[in-house]
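In terms of this note's numbering, the sequence shown opens at residue 367 and continues consecutively.
Below is one structure; the comments refer to it alone.
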Amino acid sequence: MSNNYENKYSLSAIIQLLNPDNTISAHRMLAHAIGMTETIIYSALISKQTYYLNNNMLHDGGWFFSTIADLQESTTFGAKAQKTAIGNLIKHGLIECECKGMPAKRYFRITNDMEILMKLIDEGTEICKKISAKANRNSYENDEISNENSYEKSEILEDIESVENVEKSVQTAEKLQYLPKAVTNEGAQSSCPSAVTCTRPADNHTIKPKINNLKCNQSINQTDRLISAPMKFSDIMENLGLDWYTLTANEPISEKHFMYRDEIDRKTQKCKISYSLKNDKRNMKAALRYLCAYSHYFGEGNDEERRSLWETIVTALAEMVEPDSIKINGRTVMYHEIIDRLNEIIENSYLSECFIGFEEHWRTLVAKKEITYPKAYMKSCLWNWLCDFEFEDFNDLQK
């Protein structure tokens with residue numbers, strides 16, 4: 367009986383098939399610190415440099431070349447994922463990258479600095495410990511659904527004292543099938559001294575029932591939309607023009623379901639942001655997170671500063687399209703102009719590429735001067751950046 371049991375459950379054939387030559391390796395603690403994509407590409411580059419070294423093929427200074435196709439064959443990651451990961455590896459001081467020769471090729475050199483590497487591994491170890499400690503402290507959150515949807519649930523429950531208040535608010539909202547438009551004072555100026563001002567059409571009716579579950583402290587007399595609960599994430603995907611069941615076997619309940627997929631795997635270039643998503647900021651934020659592959663680039667504990675900035679960018683865009691129009695630098699910009707421009711970028715490039723560029727631009731602006739109203743100023747800068755964003759051609763990098 368014992369021998370039959372061992373033979374039945376033996377994995378020797380599987381282990382033999384998955385030999386080291388066909389396996390992608392990644393250091394787990396390093397992946398916690400810099401991201402899985404970056405770690406896999408870093409390991410592949412180390413293997414390539416070792417191969418070139420053993421065969422006396424390194425160029426002066428320890429340089430070796432690796433094309434996009436070559437690195438994709440080794441790691442499965444395409445041009446877009448490679449560019450982002452290589453940029454992050456350079457920022458962490460793990461590698462150097464230059465274009466050399468005629469025709470130009472990508473040359474790499476691994477930074478021989480154990481201190482940098484050990485520091486990152488230590489950071490990853492601390493992140494891993496925090497994850498374990500958090501799991502032990504909050505065992506009731508170990509359910510897969512609550513884990514995947516944790517940051518979305520935190521938004522839904524934000525500024526609400528209890529779940530009972532939410533239920534009462536929803537019941538009240540269901541009774542209000544349509545809300546009259548708001549009364550506005552002609553010529554009234556926004557109390558916020560910023561470059562961005564929300565505007566809404568005036569009407570001759572007003573109603574002020576007390577409802578606590580509206581985001582951004584909007585009262586009922588400030589909106590002419592139907593009040594509805596947030597959409598299921600699978601419905602948001604369908605709203606973007608995707609059939610979720612063609613991408614995954616299980617119905618996704620949040621953007622985190624696709625954390626191991628970049629924009630190419632998410633088929634974002636086939637997506638279109640529909641105007642209806644603007645009616646609820648949470649729905650729009652969920653859509654934007656999917657389109658920029660938010661959780662793919664910012665897993666838990668991975669570069670919290672950049673993650674926070676991207677979340678602010680996503681929130682700002684969702685707030686910009688929520689009203690019918692906003693004023694930016696004295697000009698009225700309609701919500702559909704912003705959505706149309708986002709769709710144009712998504713179709714011809716990647717939203718994350720736009721965010722990465724704006725991230726550098728924003729840091730430069732912040733470093734140059736003190737900003738009194740950063741959120742309003744960011745919205746103004748975001749619209750200008752969207753208008754000026756140029757689609758990048760990766761063909762020259764594939765040589």
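Note that the Cβ used here is the ideal one computed from N, Cα and C, for glycine as well.
Residue i burial status per 10 Å Cβ neighbour count (16 or more: buried)
i    : result
R697 : exposed
I390 : exposed
Y660 : buried
K496 : exposed
D488 : exposed
G665 : buried
E530 : The predicted position of E530 is uncertain, since its pLDDT is 47 and thus under 50; a value taken from the coordinates is nonetheless stated next. E530 should be labelled exposed.
D706 : exposed
I380 : exposed
K734 : exposed
S674 : exposed
S773 : Nothing about residue 773 can be read from this structure; the chain reaches only from 367 to 765.
D646 : buried
K651 : buried
Proximal residues to residue i (C-beta, below 8 Å), its chain only, five neighbours per side dropped
i    : result
D509 : Confidence in D509 is poor, its pLDDT being 47 and thus under 50, which makes the residue's placement unreliable; the coordinate value appears in the next sentence. So no residue of the chain qualifies.
F430 : K414, Q415, Y418, M423, L424, Y473, F474, R475
T405 : A392, H393, L396, A397
Beta-carbon proximity list for residue i, same chain, < 7 Å, skipping 5 on both sides
i    : result
N649 : P596, M597, I602, L643
T403 : F443, A447, A451
I412 : I476
F724 : I679, L748, W751
R654 : Contrary to the premise, residue 654 reads as Leu rather than Arg in this sequence. Here the set comprises V680, L683, A684.
S691 : T565, T698, V699, M700, Y701
E617 : S600, W610
E713 : Q635
Which residues DSSP lists as bridging residue i, in chain order
i    : result
E462 : R475
V699 : I692
W676 : Paired residues: none, contrary to the question.
H425 : W429
Alpha carbon of residue i to alpha carbon of residue j, nearest angstrom
i    : j    : result
A451 : T442 : 13 Å
L483 : E629 : 29 Å
G459 : C720 : 24 Å
I737 : D754 : 22 Å
E464 : G428 : 12 Å
W610 : D426 : 50 Å
N388 : V680 : 39 Å
R394 : G490 : 8 Å
L437 : L613 : 25 Å
E685 : W728 : 18 Å
L608 : V732 : 37 Å
N420 : L455 : 24 Å
Y641 : H702 : 7 Å
I400 : I461 : 13 Å
T634 : L657 : 6 Å
D669 : L396 : 13 Å
R672 : H398 : 15 Å
A615 : H662 : 19 Å
H623 : K485 : 30 Å
C494 : M625 : 18 Å
N605 : K636 : 12 Å
S498 : N695 : 48 Å
S746 : E621 : 27 Å
E492 : Y408 : 21 Å
S715 : K741 : 26 Å
L717 : E756 : 12 Å
E726 : S432 : 27 Å
V687 : Y743 : 16 Å
W676 : E481 : 29 Å
K777 : I704 : Residue 777 lies beyond the range of the chain shown here (367 to 765); nothing can be said about it.
R627 : K500 : 25 Å
I711 : I722 : 13 Å
Q382 : D479 : 35 Å
Other residues of its chain near residue i: CB distance less than 6 Å, five sequence neighbours each side excluded
i    : result
N709 : K638, I639
S440 : A410
Contact with chain B by residue i, beta-carbon distance below 7 Å
i    : result
A652 : Absent from the structure is chain B; it holds one protein chain and no more.
Quiz item: Of all the beta strand (DSSP E) runs that stay within the bounds of the stretch 600-685, which reach a length of 3 or more residues?
Solution: none
Quiz item: Whole beta strand (DSSP E) runs in the stretch 392-457 with 3 or more residues, listed along the chain?
Solution: none
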